[in-house]
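Asker: Quick one: the structure is below, and I'll ask about it shortly.
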Amino acid sequence: MDAAYLKAKHEAGKRFTDFLALGTVDQRGNWQRAYDQARLSEAQRALVGSFTRKINVIALAGIWCGDCAQQCPLIQRVADANPDRVDLRWLDRDAHSDLQDRVMINGGRRVPVIVFCAEDYEPVCWYGDRTLSRYRALAAKQLGPSCPLPGAALDRDEAAAVVQDWLNEFERVHLLLRLSTRLRQKYGD
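Using the working numbering, you'd call the opening residue of the sequence shown number 1350 and step up by one each time.
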């Protein structure tokens, strides 16, 4: 993936509330409830607030997806902690199948998939579909082909762990960009 392609995808992306408007009343409600319940600690907000490099982020999701309804609002909360440095845009997986095909996980079109880009849209990495904490919780409950029902609330401890998992990836990307030889030469820092 080149920077021009990712820039075009990012620019085509929607802000969180505009993305939610694509869904049904029930789907919007599922996402909004998870968003309203999601919280970052003071330390987590301070960490994201300390980011100095801009991260352009593309989130491929399905408004219909139970995992997305549980995780994506948590991801949005991370971005909300520093909107000047974390520019998060949302794309419907099915409407942007060309990008989805480039970021498949285990040969599948999984969601959510978060594509992290430098400020100039050079690709950094992609991450998804569930965090380690989410997989641990699902494995503990049941191994099999089940998918959580949209609107099913995450256990408070699981939600906190999933927020931390996503935050860890945002921090990893920021540090990668902050320590990047290319960007340090560009900014003389």
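Even glycine gets a Cβ: it sits at the ideal position worked out from N, Cα and C.
Look at V1460 and L1516 and say whether their C-beta atoms are less than 8 Å apart.
Answerer: For the purposes of this step, residue 1460 is taken as the residue at position 111 of the sequence shown. For the purposes of this step, residue 1516 is taken as the residue at position 167 of the sequence shown. Going by C-beta atoms, V1460 is not nearer than 8 Å to L1516.
Asker: Using DSSP with H/G/I as helix, E/B as strand and the rest coil, what is R1451?
Answerer: As a first step, residue 1451 is located in the sequence shown; it is residue number 102 there, counting from the start. Helix.
Asker: Rounded to whole angstroms, what's the CA-CA distance from N1405 to A1489? Just pull it up for me.
Answerer: Working through the sequence shown from its first residue, we reach residue 1405 at position 56. Working through the sequence shown from its first residue, we reach residue 1489 at position 140. So the alpha carbons of these two residues sit roughly 34 Å apart.
Asker: Considering F1465, what are the terminal residues of the beta strand (DSSP E) in which it resides?
Answerer: As a first step, residue 1465 must be located in the sequence shown, where it is residue number 116. Per DSSP, F1465 belongs to the beta strand (DSSP E) from V1462 to C1466.
Asker: Buried or exposed for N1455, please, with buried defined as at least 16 other CB atoms from any protein chain shown within 10 angstroms of its CB.
Answerer: Here residue 1455 refers to the residue found at position 106 of the sequence shown. Burial call: exposed.
Asker: Let me confirm a value: T1373 is counted as buried when at least 16 other C-beta atoms fall within 10 Å, else exposed. Which label applies?
Answerer: In the sequence shown, the residue the question calls residue 1373 occupies position 24. It counts as exposed.
Asker: Apply the 10 Å Cβ neighbour rule to T1366 and answer buried if 16 or more other Cβ atoms are within range, or exposed otherwise.
Answerer: As a first step, residue 1366 is located in the sequence shown; it is residue number 17 there, counting from the start. It counts as exposed.
Asker: Can you grab the Cα-Cα spacing for the pair G1457 / C1414, in whole Å?
Answerer: Start at 1 with the first residue of the sequence shown, and residue 1457 comes out as number 108. Start at 1 with the first residue of the sequence shown, and residue 1414 comes out as number 65. Computed Cα separation, rounded: 15 Å.
Asker: Report yes if the CB atom of L1423 is closer than 8 Å to the CB atom of V1512, and no otherwise.
Answerer: Working through the sequence shown from its first residue, we reach residue 1423 at position 74. Working through the sequence shown from its first residue, we reach residue 1512 at position 163. For L1423 and V1512, yes; Cβs fall inside 8 Å.
Asker: Looking at L1526 and A1467, is the spacing between their C-beta atoms short of 8 Å?
Answerer: What you label residue 1467 is simply residue 118 of the sequence shown in a count that begins at 1. What you label residue 1526 is simply residue 177 of the sequence shown in a count that begins at 1. The Cβ-Cβ distance between A1467 and L1526 falls below 8 Å.
Asker: Taking buried to mean at least 16 other C-beta atoms within 10 Å of its own C-beta, is R1426 buried or exposed?
Answerer: Counted from its first residue, the sequence shown places residue 1426 at position 77. Per the 10 Å Cβ criterion, buried.
Asker: Kindly indicate which three-state DSSP category Y1470 falls into: helix, strand or coil?
Answerer: Residue numbering aside, residue 1470 sits at position 121 when the sequence shown is read from its first letter. Note: Y1470 maps to coil in three-state DSSP.
Asker: How many Å lie between A1361 and R1483 at the Cα?
Answerer: Walking along the sequence shown from the start, residue 1361 turns up at place 12. Walking along the sequence shown from the start, residue 1483 turns up at place 134. Going by the C-alpha atoms only, they are around 29 Å apart.
Asker: Name the DSSP bridge partner or partners of Y1484?
Answerer: The residue given as residue 1484 occupies position 135 in the sequence shown. BP columns for Y1484 are empty, so no partner.
Asker: Just verifying my parser: in three-state terms, what is the DSSP assignment at D1478?
Answerer: Along the sequence shown, one-based indexing puts residue 1478 at 129. D1478 falls in the coil class under three-state DSSP.
Asker: Checking the sheet assignment: what are the DSSP bridge partners for G1457?
Answerer: As a position in the sequence shown, residue 1457 is number 108, starting the count at 1. I1454.
Asker: Give the straight-line distance between the Cα atoms of M1453 and R1364, rounded to the nearest whole angstrom.
Answerer: In the sequence shown, counting from the first residue as 1, residue 1453 sits at position 104. In the sequence shown, counting from the first residue as 1, residue 1364 sits at position 15. Each residue's alpha carbon lies about 23 Å from the other.
Asker: Expressed to the nearest angstrom, what Euclidean distance is found between the alpha-carbon atoms of K1535 and E1471?
Answerer: Reading the sequence shown from its first residue, position 186 is the one you call residue 1535. Reading the sequence shown from its first residue, position 122 is the one you call residue 1471. Between K1535 and E1471, the C-alpha separation is close to 14 Å.
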